[in-house]
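Peer 1: Starting off with a structure, shown below.
2 protein chains.
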Amino acid sequence: MDKQQQIINAAAQSFSQYGYKATTMEQVAKIAQVGKGTVYLYFSNKEKLLKEIVRSLAVEMRMVADQHIQASEGFVERFDAALYAILQFREQHDLMVKLSLELNDFGTPIVKEVLDSFEQEICVYIADKVRLAIEKEEIRSCDPEITAFLMYKMYINLIHDWQKHHSPISRERAAALIRLYFIEGLQP
Amino acid sequence: MDKQQQIINAAAQSFSQYGYKATTMEQVAKIAQVGKGTVYLYFSNKEKLLKEIVRSLAVEMRMVADQHIQASEGFVERFDAALYAILQFREQHDLMVKLSLELNDFGTPIVKEVLDSFEQEICVYIADKVRLAIEKEEIRSCDPEITAFLMYKMYINLIHDWQKHHSPISRERAAALIRLYFIEGLQP
DNA sequence: CAAATGACTGTTTTAGTATTATAGTCATAA
DNA sequence: TTATGACTATAATACTAAAACAGTCATTTG
Numbered sequence: 003m004d005k006q007q008q009i010i011n012a013a014a015q016s017f018s019q020y021g022y023k024a025t026t027m028e029q030v031a032k033i034a035q036v037g038k039g040t041v042y043l044y045f046s047n048k049e050k051l052l053k054e055i056v057r058s059l060a061v062e063m064r065m066v067a068d069q070h071i072q073a074s075e076g077f078v079e080r081f082d083a084a085l086y087a088i089l090q091f092r093e094q095h096d097l098m099v100k101l102s103l104e105l106n107d108f109g110t111p112i113v114k115e116v117l118d119s120f121e122q123e124i125c126v127y128i129a130d131k132v133r134l135a136i137e138k139e140e141i142r143s144c145d146p147e148i149t150a151f152l153m154y155k156m157y158i159n160l161i162h163d164w165q166k167h168h169s170p171i172s173r174e175r176a177a178a179l180i181r182l183y184f185i186e187g188l189q190p
Numbered sequence: 003m004d005k006q007q008q009i010i011n012a013a014a015q016s017f018s019q020y021g022y023k024a025t026t027m028e029q030v031a032k033i034a035q036v037g038k039g040t041v042y043l044y045f046s047n048k049e050k051l052l053k054e055i056v057r058s059l060a061v062e063m064r065m066v067a068d069q070h071i072q073a074s075e076g077f078v079e080r081f082d083a084a085l086y087a088i089l090q091f092r093e094q095h096d097l098m099v100k101l102s103l104e105l106n107d108f109g110t111p112i113v114k115e116v117l118d119s120f121e122q123e124i125c126v127y128i129a130d131k132v133r134l135a136i137e138k139e140e141i142r143s144c145d146p147e148i149t150a151f152l153m154y155k156m157y158i159n160l161i162h163d164w165q166k167h168h169s170p171i172s173r174e175r176a177a178a179l180i181r182l183y184f185i186e187g188l189q190p
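If you read the sequences in order, they're chains A and B.
Here the numbering used here is used: position 73 in the first sequence is 75, and no number is missing along the way.
Here the numbering used here is used: position 44 in the second sequence is 46, and no number is missing along the way.
This is the structure:
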């Protein structure tokens with residue numbers, strides 16, 4: 003049996019259930035059914051362990067988003083499908099939810115770092131799609147990184163932040179708004 | 003001499019210098035050269051005192067932004083002038099800077115509430131301008147609240163958040179980008 | 001007697017300290 | 001050569017005593 007994978011699984015389970023701070027290396031070793039020292043043979047410290055797990059989660063996320071894109075026609079539809087898949091992914095994976103809560107409650111620096119790089123990963127992913135859309139002349143030429151960054155932020159703003167003070171916006175409404183502002187523009 | 007104003011000035015000074023948490027009502031009374039009980043004749047508690055100060059700061063902010071709008075032609079230019087004035091206002095008023103730091107460091111709930119309502123104030127202000135621009139047919143018809151919210155967020159994203167991981171964007175560049183995305187749109 | 005005050009009080013924060021828990025190491029064992 | 005858990009230095013926590021504080025109110029003042 004692959005000890006490294008056992009350790010990763012054990013850590014993923016514990017991080018998801020108890021969070022980063024409240025997970026001890028001894029706990030991970032116990033769940034993985036190995037000695038504590040063994041964990042350190044594969045991961046030089048706790049931080050590396052978390053980063054490895056989040057990294058592979060990011061890979062999975064890319065795949066899920068790509069699957070959702072397949073079924074969609076048109077740039078906005080594909081963008082909406084991918085982004086929605088990503089947000090759902092984040093909400094449905096206990097680890098991401100737990101880490102977000104932990105960042106809010108304790109501000110653990112490593113958790114902040116990890117979630118930050120996950121966000122950047124998302125932006126890089128979208129930027130690739132924007133670049134493709136420019137090549138296919140589906141949209142005008144523009145800076146792909148900035149465009150991806152702003153579209154992602156706008157999606158988050160609409161789905162998550164707006165409803166902090168107003169009534170929620172449906173996924174369809176959000177896609178329509180992004181089409182209005184980003185694609186069509188407000189000029190009369 | 004107006005004791006109420008003396009107290010407000012004293013509190014504004016102390017909040018700016020030491021923050022909300024580290025300011026004591028005794029301190030405020032001492033600076034205002036009144037007894038502690040006197041402070042409570044005008045403000046039933048510490049929270050009300052802070053809210054009053056931030057409220058009048060919001061009024062001042064509106065006036066400053068309006069002044070900057072006067073000198074500008076076109077919707078994007080006026081929007082840029084107003085938003086830039088608002089951001090500068092926030093950066094140049096020690097109280098806002100101090101409160102932001104305090105929210106980051108301690109998460110003081112009342113400070114969060116106050117800064118939140120200040121942000122909403124900004125959005126209401128912009129929404130008014132958007133409504134006006136729709137009436138004057140400078141832009142297409144749209145929901146003024148959502149549009150104001152998203153334009154404000156995009157401006158913040160460009161000027162503040164983008165540079166957390168990339169090289170900063172100048173004020174001119176930000177205005178040009180908002181014109182590109184919001185006004186002209188990305189359709190080819 | 002209306003406006004102002006600061007001593008007073010119950011509660012919260014802080015500072016100091018003892019105790020426990022934990023990350024990471026390493027000598028030993030399988 | 002791989003695996004282990006006792007070990008250690010450091011960091012988190014729990015506890016307590018002391019101090020600071022927001023808000024009150026009986027007394028004072030103009």
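Cβ atoms here follow ideal geometry from the backbone N, Cα and C, with glycine treated the same way.
Considering only residues of the same chain and omitting the five flanking positions on each side of B:Val30, which have a CB-CB separation below 8 Å?
Peer 2: By 1-based counting over the second sequence, the position of residue 30 of chain B is 28. Closer than 8 Å at Cβ, skipping near neighbours: Ile9, Ala12, Ala13, Ser16, Val41 and Leu51.
Peer 1: State the Cα-Cα distance for the pair B:Ile193 and B:Phe91, rounded to the nearest angstrom.
Peer 2: Chain B is shown only over 3 to 190; residue 193 of chain B falls outside these bounds and no answer can be derived.
Peer 1: For B:Ala12, which of helix, strand or coil comes out of DSSP?
Peer 2: Position 10 of the second sequence, counted from the start, is the residue given in the question as residue 12 of chain B. Note: B:Ala12 maps to helix in three-state DSSP.
Peer 1: Evaluate contact between the segment 74-94 of chain A and the segment 126-137 of chain A, counting only Cβ atoms and requiring at least three cross-stretch pairs below 8 Å.
Peer 2: Counting Cβ pairs under 8 Å, three or more are found: they touch.
Peer 1: Roughly how many angstroms separate the alpha carbons of B:Tyr127 and A:Ile124, rounded to a whole number?
Peer 2: On the second sequence, position 125 is the one that residue 127 of chain B refers to. On the first sequence, position 122 is the one that residue 124 of chain A refers to. Approximately 33 Å between the Cα atoms of the pair.
Peer 1: Assign A:Glu104 to buried or exposed, taking buried as 16 or more other Cβ atoms, counted over all protein chains shown, within 10 Å of its Cβ.
Peer 2: For the purposes of this step, residue 104 of chain A is identified with residue 102 of the first sequence, where counting begins at 1. With 16 or more other Cβ atoms within 10 Å, it is buried.
Peer 1: Does any C-beta atom of chain A lie closer than 7 Å to the C-beta of B:Ile136?
Peer 2: Counted from its first residue, the second sequence places residue 136 of chain B at position 134. Output row for B:Ile136: interface = no.
Peer 1: Check each candidate in B:Pro146, B:Phe120 and B:Asp163 and name the one with the smallest Cα separation from B:Ala129.
Peer 2: Position 127 of the second sequence, counting from 1, holds the residue named residue 129 of chain B. Out of B:Pro146, B:Phe120 and B:Asp163, B:Pro146 has the C-alpha closest to the C-alpha of B:Ala129.
Peer 1: For B:Ile171, collect the residues of the same chain with a Cβ closer than 8 Å to its Cβ; drop the 5 residues on either side in sequence, then sort them by chain order.
Peer 2: Taking the second sequence and counting its residues from 1, the one referred to as residue 171 of chain B is at position 169. Excluding positions up to five away in sequence, the list reads Leu160, Ile161, Trp164, Gln165 and Leu179.
Peer 1: Between the segment 129-156 of chain B and chain A, which residues of the former have a C-beta closer than 8 Å to a C-beta of the latter?
Peer 2: So the close ones are Glu139, Glu140, Ile141, Arg142, Cys144, Glu147, Ile148, Thr149, Phe151, Leu152, Lys155 and Met156.
Peer 1: Would you check if the distance between the CB atom of B:Leu59 and the CB atom of A:Ile141 is smaller than 7 Å?
Peer 2: One-based indexing of the second sequence puts residue 59 of chain B at position 57. One-based indexing of the first sequence puts residue 141 of chain A at position 139. No, the pair does not count as a contact, with Cβ atoms beyond the cut-off.
Peer 1: State yes or no: is the beta carbon of B:Tyr183 nearer than 7 Å to at least one beta carbon in chain A?
Peer 2: For the purposes of this step, residue 183 of chain B is taken as residue 181 along the second sequence, with counting starting at 1. Yes, contact with chain A.
Peer 1: Short check: CB of A:Tyr22 to CB of A:Val113, under 7 Å?
Peer 2: Position 20 of the first sequence, counted from the start, is the residue given in the question as residue 22 of chain A. Position 111 of the first sequence, counted from the start, is the residue given in the question as residue 113 of chain A. Cβ distance < 7 Å, so A:Tyr22 and A:Val113 count as in contact.
Peer 1: Restricting to Cα atoms, I'd like to know which of A:Arg57, A:Thr149, A:Lys5 and A:Asp68 is closest to A:Glu115.
Peer 2: To locate residue 115 of chain A, count along the first sequence from 1; it is residue 113. Selected option, being the one with the closest Cα: A:Arg57.
Peer 1: Does DSSP put B:Asn106 in a helix, a strand or coil?
Peer 2: For the purposes of this step, residue 106 of chain B is taken as the residue at position 104 of the second sequence. Reduced to three states, the DSSP call for B:Asn106 is helix.
Peer 1: Closest to A:Val61 by CA distance: which of A:Leu152, A:Glu121, A:Val99 and A:Pro190 is it?
Peer 2: Translated into positions along the first sequence, residue 61 of chain A becomes position 59. Closest by alpha carbon: A:Glu121.
Peer 1: With B:Lys32 as the anchor, note down where its alpha helix (DSSP H) starts and where it stops.
Peer 2: Start at 1 with the first residue of the second sequence, and residue 32 of chain B comes out as number 30. Element bounds for B:Lys32: Met27 to Ile33.
Peer 1: Check for me: the alpha helix (DSSP H) holding B:Pro146 runs from which residue to which?
Peer 2: Here residue 146 of chain B is taken as the residue at index 144 of the second sequence, counted from 1. Per DSSP, B:Pro146 belongs to the alpha helix (DSSP H) from Pro146 to Ile158.
Peer 1: What whole-angstrom Cβ distance do A:Met65 and A:Ile88 have, given they're in contact under 8 Å?
Peer 2: Residue numbering aside, residue 65 of chain A sits at position 63 when the first sequence is read from its first letter. Residue numbering aside, residue 88 of chain A sits at position 86 when the first sequence is read from its first letter. Not really, about 11 Å apart at Cβ, beyond 8 Å.
Peer 1: Quick check on A:Pro1 - is its C-beta less than 7 Å from some C-beta in chain B?
Peer 2: Residue 1 of chain A falls outside the range modelled here, since chain A spans only 3 to 190, and no answer is possible.
Peer 1: Of the residues B:Ile185, B:Glu186, B:His167 and B:Met156, which one's Cα is nearest the Cα of B:Arg173?
Peer 2: For the purposes of this step, residue 173 of chain B is identified with residue 171 of the second sequence, where counting begins at 1. Out of B:Ile185, B:Glu186, B:His167 and B:Met156, B:Met156 has the C-alpha closest to the C-alpha of B:Arg173.
Peer 1: Going by other Cβ atoms of all chains shown within 10 Å of its Cβ, with 16 needed for buried, is A:Thr257 buried or exposed?
Peer 2: The displayed coordinates of chain A run from 3 to 190. Any statement about residue 257 of chain A would go beyond what the structure contains.
Peer 1: Span of the alpha helix (DSSP H) holding A:Lys131?
Peer 2: Indexing the first sequence from 1 puts residue 131 of chain A at position 129. It spans Pro111 to Glu137 - the alpha helix (DSSP H) in which A:Lys131 sits, taken as one unbroken run.
Peer 1: Expressed to the nearest angstrom, what Euclidean distance is found between the alpha-carbon atoms of B:Asp4 and B:Ala67?
Peer 2: On the second sequence, residue 4 of chain B is found 2 positions in, with the first residue counted as 1. On the second sequence, residue 67 of chain B is found 65 positions in, with the first residue counted as 1. Answer to the nearest angstrom: the Cα atoms are 29 Å apart.
Peer 1: Buried or exposed for A:Ala24, please, with buried defined as at least 16 other CB atoms from any protein chain shown within 10 angstroms of its CB.
Peer 2: Working through the first sequence from its first residue, we reach residue 24 of chain A at position 22. Exposed, because fewer than 16 other Cβ atoms sit within 10 Å of the Cβ of A:Ala24.
Peer 1: What number of angstroms, rounded off, separates the C-alpha of A:Phe152 from the C-alpha of B:Tyr44?
Peer 2: Looking up residue 152 of chain A in the first sequence gives position 150. Looking up residue 44 of chain B in the second sequence gives position 42. Rather than Phe, the amino acid found at residue 152 of chain A in this sequence is Leu. Distance between the alpha carbons of A:Leu152 and B:Tyr44: 46 Å.
Peer 1: Round the Cβ separation of A:Leu97 and A:Ser18 to the nearest angstrom and send it over; I've been treating them as touching at under 8 Å.
Peer 2: For the purposes of this step, residue 97 of chain A is taken as the residue at position 95 of the first sequence. For the purposes of this step, residue 18 of chain A is taken as the residue at position 16 of the first sequence. That belief holds up - the Cβ atoms of A:Leu97 and A:Ser18 are roughly 4 Å apart, short of 8 Å.
Peer 1: B:Leu188 lies in the alpha helix (DSSP H); which residues open and close that run?
Peer 2: Against the second sequence, residue 188 of chain B aligns to sequence position 186. That residue, B:Leu188, is in no alpha helix (DSSP H); it is neither H nor E in DSSP.
Peer 1: Residues in its own chain within less than 8 Å of B:His70 by CB, not counting five upstream and five downstream?
Peer 2: Sequence index remark: in the second sequence, residue 70 of chain B carries index 68 (1-based). Around B:His70: Ala83, Ala84, Tyr86 and Ala87.
Peer 1: Go ahead and pull the three-state DSSP assignment for B:Gly39.
Peer 2: In the second sequence, counting from the first residue as 1, residue 39 of chain B sits at position 37. Of the three classes helix, strand and coil, the one that applies to B:Gly39 here is helix, per DSSP.
Peer 1: Looking at the secondary structure, which residues open and close the alpha helix (DSSP H) in which B:Gln72 lies?
Peer 2: Counting from one through the second sequence, the residue named residue 72 of chain B turns up at place 70. Residues Lys48 to Gln72.
Peer 1: How would you list, in chain order, the residues of chain A whose beta-carbon sits under 7 Å from the beta-carbon of B:Glu186?
Peer 2: Numbered from its first residue, the second sequence carries residue 186 of chain B at position 184. Within 7 Å Cβ-Cβ: Gly187 and Gln189.
Peer 1: Starting from the C-beta of B:Gln7, find all residues in its chain whose C-beta is less than 8 Å away, skip the five residues before and the five after it, and write them out in chain order.
Peer 2: In the second sequence, residue 7 of chain B corresponds to position 5, counting from 1. Result list for B:Gln7: empty, nothing under 8 Å.
Peer 1: Determine the direct distance from the alpha carbon of B:Lys38 to that of A:Glu93, and round the result to whole angstroms.
Peer 2: By one-based count along the first sequence, residue 93 of chain A stands at place 91. By one-based count along the second sequence, residue 38 of chain B stands at place 36. Whole-angstrom Cα-Cα distance: 50 Å.
Peer 1: Give me the chain A residues within the contact set of B:His70, using Cβ-Cβ distance strictly less than 7 Å, ordered along the chain.
Peer 2: Within the second sequence, the letter at position 68 stands for residue 70 of chain B. Within 7 Å Cβ-Cβ: nothing; B:His70 doesn't reach chain A, min ~21 Å.
Peer 1: Mind checking A:Ala73: buried by the 16 CB within 10 Å criterion, or exposed?
Peer 2: Along the first sequence, one-based indexing puts residue 73 of chain A at 71. It is exposed - the Cβ of A:Ala73 has fewer than 16 other Cβ atoms within 10 Å.
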